[in-house]
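Undergrad: Heads up: the sequence shown is residues 1 to 266, going by UniProt numbering.
Idealized CB from N, CA, C, for every residue including glycine.
Below you will find the structure I want to go over with you.
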Amino acid sequence: MIETRPNCSTGIFFILPCIDCYARVDLRTRTYDVPPQEVLTKDSVTVSVDAVVYYRVSNATISVANVENAHHSTRLLAQTTLRNTLGTRPLHEILSDRDVISSTMQVRIILYMYLISSTMQVRIILYMYLISSTMQVRIILYMYLISSTMQVILDGATDAWGIKVERVEIKDCRLPVQLQRAMAAEAEAAREARAKVIAAEGEQKASRALREASEVIGDSPAALQLRYLQTLNTISAEKNSTIVFPLPIDLLTYFIKAKEASDKNK
Numbered sequence: 001m002i003e004t005r006p007n008c009s010t011g012i013f014f015i016l017p018c019i020d021c022y023a024r025v026d027l028r029t030r031t032y033d034v035p036p037q038e039v040l041t042k043d044s045v046t047v048s049v050d051a052v053v054y055y056r057v058s059n060a061t062i063s064v065a066n067v068e069n070a071h072h073s074t075r076l077l078a079q080t081t082l083r084n085t086l087g088t089r090p091l092h093e094i095l096s097d098r099d100v101i102s103s104t105m106q107v108r109i110i111l112y113m114y115l116i117s118s119t120m121q122v123r124i125i126l127y128m129y130l131i132s133s134t135m136q137v138r139i140i141l142y143m144y145l146i147s148s149t150m151q152v153i154l155d156g157a158t159d160a161w162g163i164k165v166e167r168v169e170i171k172d173c174r175l176p177v178q179l180q181r182a183m184a185a186e187a188e189a190a191r192e193a194r195a196k197v198i199a200a201e202g203e204q205k206a207s208r209a210l211r212e213a214s215e216v217i218g219d220s221p222a223a224l225q226l227r228y229l230q231t232l233n234t235i236s237a238e239k240n241s242t243i244v245f246p247l248p249i250d251l252l253t254y255f256i257k258a259k260e261a262s263d264k265n266k
């Protein structure tokens, strides 16, 4: 049977040799860099994810009496929680432009975090996530939600050890080289397809404008003659040694009709 005394603060304390034992506990916030974890996502894609955990000892007596090594246990729990949390999400929810809140599991997590949250900051973040229409903002908020989910899980599990998890941040998410190349090729193909569509739409608009201009010029002989004079002006401005001088269409029509009349007289 172990009898504990109240936690000692500053000052002088008496300890009976061979009877009393004491342990020095650092109550400052500690930082733990979670090593890169190989996580298998829900859609069977292997990614390497690392994070950072900020925690502190909230109850020195419990951290010494209830667990052999509170810091080591917290770090091991952070690694397993990171794998378990990200292992339930498909990769496309973070990297693609699909709706990342369509999953029932995610909606439940969001609602659960909203209900248990005691700070207005987390509630504002969740509300922004639900109403945001920009994918980049959603990705940032989604990573924040993953971090907050890990914090809730870690804080609940380490409460019995006298540990308070203050913050969890996802640092990086690295994809395999083969998958990066495949995604880059897919993005390049998508850009080329969009460029072809834009070029086709431009040609369609240009052809429609040329058709309308030709109809206007065809209905007005004066406009046709003006266009002819503009073309001659453009040709004369260029410094070319050889100039092909086109004949007016009405003059060619006159010669053609004259030839047809002479052929009939013969």
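Determine the burial state of VAL100: buried for a count of at least 16 other Cβ atoms within 10 Å of its Cβ, exposed for fewer.
TA: Within the sequence shown, the letter at position 100 stands for residue 100. Model confidence at VAL100 stands at a pLDDT of 38, short of 50, so the residue's coordinates are unreliable; what they give is reported in the following sentence. Counting Cβ neighbours within 10 Å, VAL100 comes out buried, since at least 16 surround it.
Undergrad: May I ask you to list the residues that DSSP assigns as paired with THR46?
TA: Against the sequence shown, residue 46 aligns to sequence position 46. Answer is LEU40, bridged to THR46.
Undergrad: Please name the residue or residues paired with LYS164 in a DSSP beta bridge.
TA: The residue given as residue 164 occupies position 164 in the sequence shown. ARG56.
Undergrad: Quick check on DSSP: helix, strand or coil for ILE62?
TA: Translated into the one-based positions of the sequence shown, residue 62 becomes position 62. Reduced to three states, the DSSP call for ILE62 is helix.
Undergrad: Starting from LEU77 and walking both ways along the alpha helix (DSSP H), at which residues does that stretch end?
TA: Within the sequence shown, residue 77 is the residue found at index 77, counting from 1. Segment 70-87, the alpha helix (DSSP H) holding LEU77.
Undergrad: Kindly identify the DSSP beta-bridge partner or partners of ALA51.
TA: In the sequence shown, counting from the first residue as 1, residue 51 sits at position 51. In DSSP, ALA51 forms a bridge with VAL34 and ILE170.
Undergrad: Give the single residue among LEU91, THR85 and ASP159 whose Cα lies nearest to the Cα of ASP43.
TA: Residue mapping note: residue 43 aligns to position 43 of the sequence shown, counting from 1. The shortest Cα separation from ASP43 among LEU91, THR85 and ASP159 belongs to LEU91.
Undergrad: Would you tell me roughly how many angstroms separate the C-alpha atoms of THR85 and ILE15, rounded to the nearest one?
TA: As a working mapping, residue 85 is identified with position 85 in the sequence shown. As a working mapping, residue 15 is identified with position 15 in the sequence shown. Cα to Cα, THR85 sits roughly 46 angstroms from ILE15.
Undergrad: Where does ASP20 sit, in a helix, a strand or coil, going by DSSP?
TA: On the sequence shown, residue 20 is found 20 positions in, with the first residue counted as 1. ASP20 falls in the coil class under three-state DSSP.
Undergrad: Under 8 angstroms, do VAL52 and LEU82 count as touching if we go by C-beta distance?
TA: For the purposes of this step, residue 52 is taken as the residue at position 52 of the sequence shown. For the purposes of this step, residue 82 is taken as the residue at position 82 of the sequence shown. Contact: no.
Undergrad: Give me, in chain order, the residues of the same chain whose beta-carbon lies closer than 6 angstroms to that of ILE153; leave out the 5 immediate sequence neighbours on both sides.
TA: For the purposes of this step, residue 153 is identified with residue 153 of the sequence shown, where counting begins at 1. So the qualifying residues of the chain are THR81.
Undergrad: By Cβ distance below 6 angstroms, which residues in the same chain neighbour ASP155 in space, the five residues on each side in sequence not counted?
TA: Reading the sequence shown from its first residue, position 155 is the one you call residue 155. If we look at ASP155 and ignore the five residues flanking it on each side, its Cβ neighbours are VAL165.
Undergrad: Rounded to whole angstroms, what is the Cα-Cα separation between GLU68 and ALA189?
TA: Taking the sequence shown and counting its residues from 1, the one referred to as residue 68 is at position 68. Taking the sequence shown and counting its residues from 1, the one referred to as residue 189 is at position 189. Going by the C-alpha atoms only, they are around 56 angstroms apart.
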